[in-house]
Amino acid sequence: LVRLNFVQMKHGGFIGIVANALMYEPLTDKELDRQAVNRALAFNMYWILDPLVFGDYPPKMRHILGSELLRFSPRERKLIEGSLDFIGINHYSTLYAKDCTHSACTDGEDRPIQGFVNTTGYRDGVAIGGLTGLPRFFVVPEGMEKIIDYVKKRYNNKPMFVTENGFPPPEQQSEQVQDLLEDKDRIKFHKAYLAALARAIRNGADVRGYFIWSLIDNFEWVHGYKKRFGLYYVDRQTLNRTLKLSARWFTSFLTNNSHSNKDEFWRDSFENKDMLKR
1 LVRLNFVQMK
11 HGGFIGIVAN
21 ALMYEPLTDK
31 ELDRQAVNRA
41 LAFNMYWILD
51 PLVFGDYPPK
61 MRHILGSELL
71 RFSPRERKLI
81 EGSLDFIGIN
91 HYSTLYAKDC
101 THSACTDGED
111 RPIQGFVNTT
121 GYRDGVAIGG
131 LTGLPRFFVV
141 PEGMEKIIDY
151 VKKRYNNKPM
161 FVTENGFPPP
171 EQQSEQVQDL
181 LEDKDRIKFH
191 KAYLAALARA
201 IRNGADVRGY
211 FIWSLIDNFE
221 WVHGYKKRFG
231 LYYVDRQTLN
241 RTLKLSARWF
251 TSFLTNNSHS
261 NKDEFWRDSF
271 ENKDMLKR
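Residue numbering for the sequence shown follows our numbering, starting at 1 and increasing by one per position.
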């Protein structure tokens with residue numbers, strides 16, 4: 001109804017949906033953990049997108065959940081199948097996936113509703129990527145390229161937008177404003193993730209846009225105002241907003257139309273990998 005009366009008839013434009021899109025790596029080289037990666041993707045992302053592209057939930061979910069999973073009527077399938085013009089991706093991090101069908105897992109992670117998958121950011125006590133201010137967010141730039149490639153192949157390269165990608169820095173000892181404004185780690189993060197995104201685009205992914213989360217330090221659900229994703233610092237007393245170093249960098253990047261300079265940017269993005277290994 002919206003497509004017919006609002007988009008096609010009057011204003012034009014795209015109708016789409018946004019999915020939270022973590023990437024996963026197998027915890028071990030075992031085939032069961034490789035299969036766990038596919039289940040993790042199905043139970044955390046594909047179940048949102050598959051019905052709107054194919055008209056039904058992922059087969060892996062059907063197999064595990066059986067009659068507990070809603071079945072669409074023929075009329076419903078006709079309405080939802082192929083109803084997306086674009087796919088929005090909120091991507092921040094990558095986690096390890098461990099099979100729980102043939103091995104013991106922590107409480108709650110061996111349930112059907114979780115796809116019998118345990119997810120963690122650590123293997124043998126070593127983090128999968130650089131640490132951030134959130135316990136399950138890790139700096140793993142290659143995850144951006146991989147998740148875009150997965151979506152491209154599964155959904156026949158439907159147009160994509162990266163609707164969220166951002167960096168919450170680890171808690172600092174100093175809360176001095178000047179220290180918060182010098183957010184060099186955020187710049188390194190976005191350079192690395194943009195470079196990974198560029199590789200996916202060069203490999204054929206139809207990515208139409210990229211949005212940093214977020215413009216300003218804002219309210220982050222259960223974390224309140226403690227986690228700062230913003231390109232702008234916000235004084236909570238006066239509500240004054242001040243550009244961080246990352247905002248100046250991003251402005252410069254967006255306004256620089258030199259292809260040669262852009263190519264140099266992509267080549268140099270991984271020059272400093274210290275932050276990625278912390």
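Even glycine gets a Cβ: it sits at the ideal position worked out from N, Cα and C. Model, not experiment: these values are computed from the prediction.
Task: Pair within 8 Å by beta-carbon distance, Arg228 and Pro170 - done: By one-based count along the sequence shown, residue 228 stands at place 228. By one-based count along the sequence shown, residue 170 stands at place 170. No, Cβ-Cβ distance for Arg228 and Pro170 is not below 8 Å.
Task: Inter-stretch contact (C-beta, 8 Å, three-pair minimum) for the segment 144-162 and the segment 195-211 - done: yes
Open item on the list: Can you find the residues in the same chain that come closer than 7 Å, C-beta to C-beta, to Arg62, ignoring five residues on each side of it along the sequence?
Closed with: For this step, residue 62 is matched to residue 62 along the sequence shown. Excluding sequence neighbours, Arg62 sits near Leu69.
- [ ] Have a look at the DSSP bridge pairing and note the partners of Lys98.
- [x] Residue 98 sits at position 98 when you count from the first residue of the sequence shown. DSSP, once it has assigned bridges, lists Asn118 as partnering Lys98.
TODO: Taking Val151 and Gly88 to be in contact with their CB atoms under 8 Å, please state how far apart those CB atoms are, rounded to whole angstroms.
DONE: Within the sequence shown, residue 151 is the residue found at index 151, counting from 1. Within the sequence shown, residue 88 is the residue found at index 88, counting from 1. Between Gly88 and Val151 the Cβ distance is about 10 Å, and since that is not below 8 Å, they are no contact.
Open item on the list: Taking the beta carbon of Ile113 as the centre, do at least 16 other beta carbons fall within 10 Å, making it buried, or is it exposed?
Closed with: Here residue 113 is taken as the residue at index 113 of the sequence shown, counted from 1. Exposed: under 16 other Cβ atoms inside 10 Å.
Task: Euclidean distance between Cα positions of Val140 and Gly82 - done: As a first step, residue 140 must be located in the sequence shown, where it is residue number 140. As a first step, residue 82 must be located in the sequence shown, where it is residue number 82. Linking Val140 to Gly82 through their CA atoms gives a straight-line distance of about 32 Å.
Open item on the list: According to DSSP, simplified to helix, strand and coil, what is Val222?
Closed with: Along the sequence shown, one-based indexing puts residue 222 at 222. It is helical.
Task: Per-residue DSSP class, three states only, for Val177 - done: For the purposes of this step, residue 177 is taken as residue 177 along the sequence shown, with counting starting at 1. Three-state result, Val177: helix.
Task: Spatial distance of Ser103 from Ala36 (CA atoms) - done: Start at 1 with the first residue of the sequence shown, and residue 103 comes out as number 103. Start at 1 with the first residue of the sequence shown, and residue 36 comes out as number 36. Computed Cα separation, rounded: 12 Å.
Task: Own chain, CB closer than 6 Å to Met275, minus 5 neighbours either side, in chain order - done: As a first step, residue 275 is located in the sequence shown; it is residue number 275 there, counting from the start. At Met275 the pLDDT is 47, less than 50, meaning the model places this residue with poor confidence; the figure from the coordinates comes in the next sentence. Taken in chain order, the residues that qualify are Gly130, Asp185 and Lys188.
Open item on the list: Quick check on Ser73: buried or exposed, where buried means 16 or more other Cβ atoms within 10 Å of its Cβ?
Closed with: Locating residue 73 in the sequence shown gives position 73, where the first residue counts as 1. The residue is exposed, with fewer than 16 neighbouring Cβ atoms inside 10 Å.
TODO: Examine the Cβ distances between the segment 112-127 and the segment 232-240 and report whether three or more of them are shorter than 8 Å.
DONE: no
TODO: Check Ile89 in the structure and name its three-state DSSP category.
DONE: As a position in the sequence shown, residue 89 is number 89, starting the count at 1. Here Ile89 sits in strand by DSSP.
Task: Ile15 - containing alpha helix (DSSP H), residue span - done: Indexing the sequence shown from 1 puts residue 15 at position 15. Note, Ile15: premise wrong, no alpha helix (DSSP H); not H, not E.
Task: Start and end residues, alpha helix (DSSP H) containing Val37 - done: Within the sequence shown, the letter at position 37 stands for residue 37. Segment Glu31 to Leu41, the alpha helix (DSSP H) holding Val37.
Task: Buried or exposed by the 16-neighbour rule on C-beta atoms within 10 Å, applied to Pro58 - done: As a working note, residue 58 is residue 58 in the sequence shown. Looking at its Cβ environment, which holds 16 or more other Cβ atoms inside 10 Å, Pro58 is buried.
- [ ] With DSSP collapsed to three states, give me the class of Ala127.
- [x] Your numbering for residue 127 matches position 127 in the sequence shown. Looking at Ala127 - three-state DSSP - the assignment turns out to be strand.
Open item on the list: Just verifying my parser: in three-state terms, what is the DSSP assignment at Leu245?
Closed with: In the sequence shown, the residue the question calls residue 245 occupies position 245. Residue state, collapsed to three classes: helix.
Open item on the list: Please classify His91 as buried or exposed, where buried requires at least 16 neighbouring CB atoms within 10 angstroms.
Closed with: As a first step, residue 91 must be located in the sequence shown, where it is residue number 91. So His91 ends up on the buried side.
Task: Beta carbon of Trp221 nearer than 8 Å to that of Gly166 - done: Position 221 of the sequence shown, counted from the start, is the residue given in the question as residue 221. Position 166 of the sequence shown, counted from the start, is the residue given in the question as residue 166. For the pair Trp221 and Gly166, the CB atoms are not nearer than the 8 Å cut-off.
Open item on the list: What residue range does the alpha helix (DSSP H) around Glu76 cover?
Closed with: As a working note, residue 76 is residue 76 in the sequence shown. Run containing Glu76: Pro74 to Ile80, per the alpha helix (DSSP H) assignment.
Task: First and last residue of the uninterrupted alpha helix (DSSP H) at Arg202 - done: As a position in the sequence shown, residue 202 is number 202, starting the count at 1. First-last of the alpha helix (DSSP H) with Arg202: Lys184 to Arg202.
Task: Limits of the alpha helix (DSSP H) - the one that Met23 falls within - done: The sequence position of residue 23 within the sequence shown is 23, counting from 1. From DSSP, Met23 is part of no alpha helix (DSSP H) but of the beta strand (DSSP E) over Met23 to Pro26.
Open item on the list: As a quick exercise: from Trp249, Gly66, Ala247 and Glu25, pick the residue whose alpha carbon is nearest that of Tyr122.
Closed with: As a first step, residue 122 is located in the sequence shown; it is residue number 122 there, counting from the start. For the residues Trp249, Gly66, Ala247 and Glu25, the minimum Cα distance to Tyr122 belongs to Glu25.
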